[in-house]
Amino acid sequence: MEERDYRFVKHENPYTYRDGDLTVTRGSAWSGPGCHLGCGVLLYTNDEGELVKVEGDPENPFNEGRLCVRCLDLPEMVNNPKRLTHPLRRAKADRGRDRWERIGWDEALDLIACELNKVKEEHGPESVIFSCGTGRDIAPYITRLCWSFGSPNFVNIFSGNACYLPRVAGCIATTGAFWVADCAQQFPDRYDNPAWRMPETMFVWGNYPLIANSDGFFGHWVVDLMKRGMKIVMIDPKVTWLSAKAEVHLPVRPGTDAALALAMMNVIIGEDLYDHDFVDRWCYGFEELREHVQPFTPEYAEATTWVPAERIRKAARILAASKPATLQWGVALDMTKEALPAGQAIMALFQVTGNVEVPGGIIVPPEILNYGGGWGFELLGDEQNEKRLGLDKYSLFRLGFQAAHPNTTIEAMKTGKPYPIKAAWVQTSNFLACMSANSTEVAECFRKLDFVAGADLFMTPTIMAFYDVVLPAAMFPERDGVRLGDGAQRAEAINKVCQVGECKSDMEMNLELGRRLAPEAWPWENVEDMFTEMIATSGITFPELREAAPVYLPFEYKKHEKGLLRPDGSPGFYTATGRIELWSTYYQNAGLDPLPVFDEPSPGPLATPELLDEYPLVLCTGARRWPFFHSEHRQAKRLLAMHPDPWIEIHPETCARLGVADGDWVWVENMLGRAKRRVKETPIFDPRIVAADHGWWNPEGDPENLYDIGDLCINNLIPWGNGKSGFGGNYKTNLCKVYKMKEGE
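Residue numbers (UniProt numbering): 1 to 745.
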């Protein structure tokens, strides 16, 4: 391992040790319940093997002992009486009814394998879809299960894959790699590393990192760097603590980020503020971009984005003057239909200013395994891959992505074309309450399937609606695992410290089910051996990782100058031209606009003015809250007490016009449906915008009423529909009206 230049953190204690009457185990929090980050944790268990306390690991350089309330309250989730603790089944005729029968693990797995193989024999393996929720550490195992079974259709039930993947796809198409902000996270000694330089300015775009973040980014790094003198520019429709501390806040109208970025580019190029040397040496299509941005003046953008022109100029000049500047961006950019050109325009700002692959700029994170690409794709074969839903429509899905297209999948479920979908395996995904657009329509699609099975932590509306078999999934303190991917600059071990009921890890389920479906693809005796195989290219075994974690991979700046970004070893970027493609040859060949364009969000105040009399407000959804991770954590009483009701945030002027007040229950409605929300009167949004919580359901409600999802789910108002590339979905930019609920509703 030393020969490979892997770097290790020297720990005061081994990964497990005693502290008085308790056993303490070092681990990583990267699975349900919780987020993408994989924070270092210390898990405290008593002599009965019960989890009693969780603390942040002060020796872990990633979070340095800091944890959010969700991790701190983990014992309430692990020991929650509402947990699923043993396998259940019911008759297909009882879908939607609370008529479950307890069965054993072998019986459950045999039943699932039998039903899936039956569909395979009668309709082909492509007629079975495999789906999970937010990837975390599930994706490698469920993709291997899907592909070893012979199905090309691993899919998220999420319009346009509108989270993370649009930005990844756009970056790979134009630069050959994904990019993250450089906050020294790739170094064990972090801010003290002599190779690193602090960004002068961080642009935080479409993300509030103190609450929600992806790409392996720990939000409080922003605060760390602000304390050291870094400035920030916030691009966010609402006023937040960070925007109040920013050099400039750009309160952009949801869905108009591309217009804002192009206007900033207009200033940078027009005032000759770009990095001539970097552009001349490493960028392709600059002259075309120069011509393209001429109409996008700050004044044009002001009318479109609702951001004052002078703020746009100020932000552009700050970016050009900051050496270096970096970008922390988020899923708000993915959650509009034309997410790819918006991301392309934003990235171009940092490319033409030379903030690429430099200390404190934007960097390509080293990864042992890119979990977004899955694991075991070679098991599928070319013939089956060509049957992947959406592959014939959206060529970007050939660009390193092995997932099926979600919108095309829903169409196949409705129409039976190009072939019928007959069964589904769904792993820890409450998509009816969280990801799915138009949840009512999706529920009907799944009810028509011959067989549906899956796994989760709790009974959910999604399970109750149409599962035939459900398996109890372990939470991260209850199982072993590895933390890789998602922009991670390190490898971590997830370590089991307790056991609840008969719960099994997702990895154990997939291994045992894989042995039944395709034993040649699942040769391992146990999950530890499987983990070691998965990280084999690192030269580290899972037991070694457990003792040494976190393990940091080698890292260098300016890899494009050293031939480290291309498989042929030549200098440059992994694109057809060997350069960053401001004018994209890949997009051109795919029938897309090679330059970043702006499409007015539709429906919207400018695209569909005829709707404004009926639906006068821009509806933004999806912002995270402190106590919840999407639709998770509603069973934790302490966390629910922090945010007991689903909010809709409305400006005081708008409240007065609508005749509603803080605390009132209202209906939020548009042409697709409606949902209940409680008014939070606040001036942090433009009066023309309202923002509604997502992921809501009521675990205390009637199971056969699907835990009140019909009234509470804001996705009732979200349409299916993706961008021209196949990526991006309209979760942030719809129209709605708001009116007070009547008594008894």
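Cβ coordinates follow ideal geometry from the N, Cα and C atoms, glycine included.
#1: Leucine 511 to isoleucine 129, Cα distance in whole Å?
#2: What's the gap between the Cα of valine 352 and the Cα of serine 243?
#3: With three or more C-beta pairs closer than 8 Å as the rule, is the segment 432-447 touching the segment 135-151?
#4: So, for glycine 330: in the same chain, excluding its five sequence neighbours on each side, which residues have a beta-carbon less than 6 Å away from its beta-carbon?
#5: Report the residue from Gly723, Gly673, Pro616 and Val78 whose alpha carbon sits nearest the alpha carbon of glutamate 50.
#6: To the nearest angstrom, how far is it from the Cα of glutamate 614 to the Cα of alanine 549?
#7: Output the distance between the C-alpha atoms of aspartate 194 and proline 420, rounded to the nearest integer angstrom.
#8: Write down every uninterrupted run of the alpha helix (DSSP H) in the segment 277-319 whose length is 4 residues or greater and which is fully enclosed by it, in chain order.
#9: Can you check whether the CB of aspartate 686 is closer than 8 Å to the CB of proline 251?
#10: Can you find the residues in the same chain that come closer than 6 Å, C-beta to C-beta, to glutamate 3, ignoring five residues on each side of it along the sequence?
#11: Can the beta-carbon of residue 756 be found closer than 8 Å to that of threonine 428?
#12: Is the CB-CB distance between alanine 339 and asparagine 156 below 8 Å?
#13: DSSP has serine 131 in a bridge; who is on the other side?
#14: When the Cβ atoms of the segment 622-640 are set against those of the segment 686-706, are three or more pairs found closer than 8 Å?
#15: Between which residues of its own chain and isoleucine 172 is the CB-CB distance below 7 Å, once the five residues before and five after are set aside?
#16: How about glycine 723 and lysine 337: are their beta carbons less than 8 Å apart?
#17: Measure how close the beta-carbons of asparagine 385 and proline 152 come, nearest whole angstrom, since I'm counting them as under 8 Å.
#18: Throw me the rounded Cβ distance for the methionine 264 and alanine 332 pair, which I believe falls under 8 Å.
#19: Can you say whether methionine 671 is buried or exposed, counting buried as having 16 or more other CB atoms within 10 angstroms of its CB?
#20: Could you check what DSSP says for glutamate 2 in three-state terms: helix, strand or coil?
#21: Based on the DSSP secondary-structure assignment, which residues constitute the bridge partners of valine 248?
#22: Taking 8 Å as the cut-off, does the segment 85-93 touch the segment 494-502 (at least 3 CB pairs, one atom from each stretch)?
#23: Three or more C-beta pairs closer than 8 Å, one from the segment 261-281 and one from the segment 305-324: is that the case here?
#24: Does the beta-carbon distance from proline 359 to valine 180 come in below 8 Å?
#25: So, do the segment 723-743 and the segment 157-164 have three or more beta carbon pairs nearer to each other than 8 Å?
#26: Give the secondary structure of histidine 11 by DSSP, where H, G and I count as helix, E and B as strand, and everything else as coil.
#27: For the putative contact between valine 361 and alanine 325, defined by C-beta atoms under 8 Å, what is the C-beta separation to the nearest angstrom?
#28: Could you spell out where the alpha helix (DSSP H) holding leucine 109 opens and where it closes?
#29: Compare the C-alpha of aspartate 110 against each of Asp529, Arg516 and Ile689 and name the closest.
#30: Report yes if the C-beta distance between aspartate 645 and arginine 678 is below 8 Å; otherwise report no.
#31: Can you tell me whether alanine 108 is buried or exposed, with buried defined as 16 or more other CB within 10 angstroms of its CB?
#32: In the DSSP output, which residue or residues are listed as bridge partners for leucine 42?
#33: May I have the straight-line CA-CA distance separating alanine 345 from isoleucine 112, to the nearest angstrom?
#34: Which ranges does the beta strand (DSSP E) cover as unbroken runs of at least 3 residues, wholly within the segment 633-692, from first to last along the chain?
#35: What do you get for tryptophan 626, buried or exposed, if any count of 16 or more other CB atoms within 10 angstroms of its CB means buried?
#36: Is the segment 446-463 in contact with the segment 705-718, if contact means three or more CB pairs nearer than 8 Å?
According to the structure shown:
#1: Position 511 of the sequence shown holds residue 511. Position 129 of the sequence shown holds residue 129. If you take the alpha carbons of leucine 511 and isoleucine 129, they lie about 18 Å apart.
#2: Start at 1 with the first residue of the sequence shown, and residue 352 comes out as number 352. Start at 1 with the first residue of the sequence shown, and residue 243 comes out as number 243. One C-alpha to the other measures close to 25 Å.
#3: no
#4: To locate residue 330, count along the sequence shown from 1; it is residue 330. These residues qualify, in order along the chain: Gly206 and Asn207.
#5: Position 50 of the sequence shown, counted from the start, is the residue given in the question as residue 50. When each option's Cα is compared against that of glutamate 50, the closest is Val78.
#6: Walking along the sequence shown from the start, residue 614 turns up at place 614. Walking along the sequence shown from the start, residue 549 turns up at place 549. Roughly 56 Å between the two C-alpha positions.
#7: Reading the sequence shown from its first residue, position 194 is the one you call residue 194. Reading the sequence shown from its first residue, position 420 is the one you call residue 420. Contrary to the premise, residue 194 reads as proline rather than aspartate in this sequence. Distance between the alpha carbons of proline 194 and proline 420: 58 Å.
#8: 286-292 and 298-305
#9: Along the sequence shown, read from residue 1 onward, the residue named residue 251 stands at position 251. Along the sequence shown, read from residue 1 onward, the residue named residue 686 stands at position 686. Yes. Within cutoff.
#10: In the sequence shown, the residue the question calls residue 3 occupies position 3. A caution first: glutamate 3 carries a pLDDT of 41, below 50, which makes its placement in the model too unreliable to give a value.
#11: No statement about residue 756 is possible, as the shown extent of the chain runs from 1 to 745 and does not include it.
#12: As a first step, residue 339 must be located in the sequence shown, where it is residue number 339. As a first step, residue 156 must be located in the sequence shown, where it is residue number 156. Contact flag unset, no.
#13: For the purposes of this step, residue 131 is taken as residue 131 along the sequence shown, with counting starting at 1. According to DSSP, serine 131 bridges with Val426.
#14: yes
#15: Residue 172 sits at position 172 when you count from the first residue of the sequence shown. Hits under 7 Å: Phe178, Leu399 and Gly400.
#16: As a position in the sequence shown, residue 723 is number 723, starting the count at 1. As a position in the sequence shown, residue 337 is number 337, starting the count at 1. Against a cut-off of 8 Å, the Cβ pair of lysine 337 and glycine 723 comes out as a contact.
#17: Here residue 385 refers to the residue found at position 385 of the sequence shown. Here residue 152 refers to the residue found at position 152 of the sequence shown. So it is a contact: roughly 5 Å between Cβ atoms.
#18: Here residue 264 refers to the residue found at position 264 of the sequence shown. Here residue 332 refers to the residue found at position 332 of the sequence shown. 17 Å between Cβ atoms; not a contact.
#19: As a working mapping, residue 671 is identified with position 671 in the sequence shown. When all chains shown are included, methionine 671 counts as exposed.
#20: On the sequence shown, position 2 is the one that residue 2 refers to. Low per-residue confidence applies at glutamate 2: pLDDT is 37, beneath 50, and the placement is therefore not dependable, though the value from the model is reported in the following sentence. The answer is helix: DSSP assigns glutamate 2 an H, G or I state.
#21: For the purposes of this step, residue 248 is taken as the residue at position 248 of the sequence shown. Paired residue(s): Val233.
#22: yes
#23: yes
#24: For this step, residue 359 is matched to residue 359 along the sequence shown. For this step, residue 180 is matched to residue 180 along the sequence shown. No, Cβ-Cβ distance for proline 359 and valine 180 is not below 8 Å.
#25: yes
#26: Residue mapping note: residue 11 aligns to position 11 of the sequence shown, counting from 1. Residue state, collapsed to three classes: coil.
#27: Against the sequence shown, residue 361 aligns to sequence position 361. Against the sequence shown, residue 325 aligns to sequence position 325. For clarity, residue 361 is glycine in the given sequence; the question names valine instead. With a Cβ gap of about 7 Å, glycine 361 and alanine 325 count as contacting.
#28: On the sequence shown, position 109 is the one that residue 109 refers to. Per DSSP, leucine 109 belongs to the alpha helix (DSSP H) from 105-123.
#29: As a first step, residue 110 is located in the sequence shown; it is residue number 110 there, counting from the start. Measuring from the Cα of aspartate 110, the nearest candidate turns out to be Arg516.
#30: Here the question's residue 645 lines up with position 645 in the sequence shown. Here the question's residue 678 lines up with position 678 in the sequence shown. Taking 8 Å as the Cβ cut-off, aspartate 645 and arginine 678 qualify as a contacting pair.
#31: If you number the sequence shown from 1, residue 108 lands on position 108. Alanine 108 should be labelled buried.
#32: Locating residue 42 in the sequence shown gives position 42, where the first residue counts as 1. Paired residue(s): Arg26 and Glu55.
#33: Reading the sequence shown from its first residue, position 345 is the one you call residue 345. Reading the sequence shown from its first residue, position 112 is the one you call residue 112. Going by the C-alpha atoms only, they are around 46 Å apart.
#34: 647-650, 665-669, 674-681 and 689-692
#35: One-based indexing of the sequence shown puts residue 626 at position 626. Flag for tryptophan 626 reads exposed.
#36: yes
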